[in-house]
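Undergrad:
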Amino acid sequence: MYDPSHLRTFLAVAQTLSFTQAARRLGLRQSTVSQHVRRLEDATGRQLFSRDTHSVELTEDGEAMLGFARRLLEVHEQATAFFTGTRLRGRLRFGASEDFVLTRLPEILEGFRHDHPEVDLELTVELSGTLHEQLTAGKLDLVLAKRRPEDPRGEPVWTDRLVWIGAERLRLDPDRPVPLIVYPPPGITRALALEALEREGRAWHIACTSGSLNGLIAAARAGLGVMAHSRRLVPPGLVRVPERAGLPELGEVDFVLVHGRRPGAAAGAADALAAAILSGGDRLHGRARGV
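No gaps in the numbering here: position 286 of the sequence shown is 286 in the UniProt record's numbering, and each next residue is one more.
What follows is the structure, given as C-alpha cells:
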C-alpha cells in the first residue's frame with residue numbers, strides 16, 4: 001500500500017519542513033518530491049502537510065504518519081537484508097556532537113546495533129568543530145554534527161535557528177557586557193555567538209567555558225549567563241532569552257551527516273547508519289526518555 005520511496009520522501013520533508021531541502025537531500029527534483037508526497041496522501045486518504053508559499057507544517061495525520069513511516073521502512077530494510085543475505089560487519093567509528101547528548105539518538109543507535117550485530121560501533125561525542133577535524137584526519141568514518149554556514153560538506157539532516165537561552169530568572173543589564181556560557185574553540189555555536197555580538201558592537205565576557213553540554217547547562221541553570229543553542233533542542237530547566245534583552249539574532253545552523261573516505265566495510269556500515277539516522281531524524285528533535 002505504501003511505496004518505500006514515497007515514505008523516504010515524506011520523512012525527508014517532515015524532518016526539513018522544506019520540499020526544496022528534501023529534494024536536495026534525496027537527489028530528486030522538487031516536482032518529484034511533491035509527486036511522492038501527493039501519492040502518499042492519495043494512498044492514505046489524508047492530508048499530511050499544510051503548506052503555503054512561506055511554510056510547510058505537518059498536519060495531525062502527518063504527525064501520526066511519522067511513526068508509521070519509520071517503522072515500515074525499518075521492516076522493509078530488515079526484510080531486504082535478510083533475503084539478499086547481506087550482512088554488514090567490521091568497525092565503524094561514528095562521531096556525534098554534544099548537541100545530541102540529551103536527545104533520542106541512543107534509540108537510533110540501539111536499533112542499528114540490533115539490525116547489524118556484526119558491526120563494531122565506536123561512538124565519539126565531541127564538539128562539532130573537533131569532529132570535523134577528526135574526520136578530515138581519518139580518525140572517524142561518519143559524523144553527525146553542526147556545520148558553519150559557508151561549509152558545503154555534508155548531507156543535511158535538518159536546519160534550525162540558534163537562539164539565546166538561560167535561566168528563567170536571569171536578567172541582563174544592558175549597560176554591562178553580556179555574560180557568555182560557551183564551548184571552547186573550535187565550537188561552532190561559540191564562534192557564531194561571538195560574531196553576532198561583535199557585529200552589533202555589543203560587549204561580552206566569558207562567564208563559563210566547558211567542553212561538556214552538561215557543564216554548560218549547569219552553568220546556565222545557575223544563572224551565570226546566556227548560551228547560544230539550537231531552538232529545537234533547548235534543555236529542560238532553561239528558556240529562551242526574551243527579545244527585550246536586546247541580544248542579536250544568531251541565524252540558522254545546519255545539522256549534517258558527513259562521510260569519511262575510508263573504503264570497504266566501514267563505508268557500507270556508515271551508509272547504513274546514515275540511512276537509519278535520516279529515516280529516524282525526527283527523534284533527534286526530542287529529548288531522551290526520562291529527561
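Built from N, CA and C at the ideal position, the CB exists for glycine as well. Since the model is a prediction, treat every value here as computed from it, not as a measurement.
Is DSSP giving Gly268 helix, strand or coil here?
TA: It is helical.
Undergrad: Tell me whether Pro185 is buried or exposed, calling it buried when 16 or more other Cβ atoms sit within 10 Å of its Cβ.
TA: By the 10 Å Cβ count, Pro185 comes out exposed.
Undergrad: Nearest CA to the CA of Arg70: which residue from Thr130, Asp120, Gly111?
TA: When only C-alpha atoms are compared, the closest one is Gly111.
Undergrad: Tell me the rounded alpha-carbon separation between Asp52 and Ala276.
TA: Roughly 30 Å between the two C-alpha positions.
Undergrad: With DSSP as the reference, identify every bridge partner of Asp254, one or two as the case may be.
TA: Beta-bridge pairing links Asp254 to Arg147, Thr159.
Undergrad: Quick one: any contact between the segment 218-232 and the segment 118-127, if contact means 3 or more CB pairs under 8 Å?
TA: No contact exists between the segment 218-232 and the segment 118-127.
Undergrad: With distance defined between alpha-carbon atoms, name the residue in Ser50, Leu278, His6, Asp3 nearest to Glu155.
TA: Considering only alpha carbons, the answer is Leu278.
Undergrad: Give me the Cα-Cα distance between Arg176 and Ala203, rounded to the nearest whole angstrom.
TA: Each residue's alpha carbon lies about 7 Å from the other.
Undergrad: Which residue marks the beginning of the beta strand (DSSP E) containing Pro4, and which one marks its end?
TA: Note, Pro4: premise wrong, no beta strand (DSSP E); alpha helix (DSSP H) at 4-16.
Undergrad: List the residues that DSSP assigns as beta-bridge partners of Phe49.
TA: DSSP lists Leu58 as partners of Phe49.
Undergrad: Report the three-state DSSP secondary structure of Asp120 (helix, strand or coil).
TA: Three-state DSSP puts Asp120 in a strand.
Undergrad: Between the alpha carbons of Ala193 and Leu250, how many angstroms are there, rounded?
TA: The straight-line gap from Cα to Cα measures roughly 7 Å.
Undergrad: For Glu168, which of helix, strand or coil comes out of DSSP?
TA: Coil at Glu168, not helix or strand.
Undergrad: At the level of alpha carbons, what is the spacing between Leu142 and Val258?
TA: Leu142 and Val258: Cα-Cα distance of roughly 6 Å.
Undergrad: Helix, strand or coil for Val182? Go by DSSP, reduced to three states.
TA: Three-state DSSP puts Val182 in a strand.
Undergrad: From Thr20 to Glu41, what distance separates their C-alpha atoms?
TA: Each residue's alpha carbon lies about 19 Å from the other.
Undergrad: So what's Ala207 in DSSP terms, helix, strand or just coil?
TA: Strand at Ala207.
Undergrad: Run through DSSP, which three-state label would Arg93 get?
TA: Arg93 falls in the strand class under three-state DSSP.
Undergrad: Just the C-alpha distance for Leu172 and Ile181, rounded to the nearest angstrom, thanks.
TA: Near 14 Å, if we compare the C-alpha coordinates of Ile181 and Leu172.
Undergrad: Please state whether DSSP places Ser212 in a helix, a strand or coil.
TA: It is coil, neither helix nor strand.
Undergrad: Do Lys146 and Phe10 come within 8 Å of each other at the CB atom, strictly closer than that value?
TA: No; because the gap between Cβ atoms is not below 8 Å, this pair is not in contact.
Undergrad: Would the beta-carbon of Ala269 fall within 8 Å of that of His114?
TA: Not in contact: Ala269 and His114 (Cβ atoms no closer than 8 Å).
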